[in-house]
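Report on the following structure.
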């Protein structure tokens, strides 16, 4: 009986061990496979969540990105109008002496010329400047800005802040290269009012300014 008991015990043990081994192996194998799949799915899901639900990551975008070459377009500066190019005939027609022409020193690359009137009572200076109207207003050197119409342009007339006797008057307006500036300065007290004289000069040069 002891032997049978031992055999039975061994059989049971063997059966139990066999069941455990067979079932365990299969269970473990299936469980392992399931766990691997689950883990793999979880990892993919987490990656998707981290990258915005499957949106390509920066690394993948970088790898796929096609290099774009851009070429900077160089801007050609506007050619400045040169008032010194006004013909002698046109200057004489406006009542100024062509032989009195004087190139006035100014900022580099900003041409300007001056002429004396045939009467000797006034002079006119014409400047091509890169300054804007706002530059002129902010400089503090000018005052009394008043809108006027000259040579078909919306312009402004103003005076030098230090010109307390009002012997001079400026008229200027924007052009492609900056400002076209005209100033008449009276040399004698009986000369024409300078603002009216300046507007007359501008109107007489319309062909150069449009």
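In this note's numbering, the protein residues as written are 13 to 222. Built from N, CA and C at the ideal position, the CB exists for glycine as well.
For residue 166, the secondary structure class from DSSP, reduced to helix, strand or coil, is strand.
Looking at the backbone, the Cα of residue 181 and that of residue 92 are separated by about 23 Å. For the pair of segments examined, the stretch 209–222 was found to touch the stretch 160–167: the number of CB pairs separated by less than 8 Å reaches three. Residue environment: residue 126 is assigned as buried (16 or more neighbouring CB atoms within 10 Å of its CB, all protein chains considered).
In the structure shown, residue 191 adopts extended strand secondary structure according to DSSP, grouped into three states. Contact between residue 139 and residue 124 holds: CB atoms are separated by about 4 Å, below the 8 Å threshold. Counting the other Cβ atoms within 10 Å of the Cβ of residue 169 gives 16 or more, which makes it buried. Apart from sequence neighbours up to five positions away, the residues of its chain that approach residue 167 with a beta-carbon distance below 8 Å are 159, 160, 161, 183, 184, 185, 214, ordered along the chain. Taken atom to atom, the span from the alpha-carbon of residue 102 to that of residue 189 is near 23 Å. The secondary-structure analysis by DSSP pairs residue 173 with nothing; it has no beta-bridge partner. Approximately 6 Å separates the beta-carbon atoms of residue 107 and residue 130; this is inside 8 Å, confirming the contact. Note on residue 115: under 16 other CB atoms within 10 angstroms of its CB, so exposed under the neighbour-count rule.
For the options 149, 128, 146, 172, the alpha carbon positioned closest to that of residue 200 is the one of 128.
Distance from the Cα of residue 148 is smallest, within the candidate group 178, 109, 193, for 193.
Under the DSSP definition of a beta bridge, residue 138 partners with 125, 194. Within the same chain, and ignoring the five residues on either side of residue 133 in sequence, the residues whose Cβ sits closer than 8 Å to its Cβ are 198, 199, 200, 202, 203, 204.
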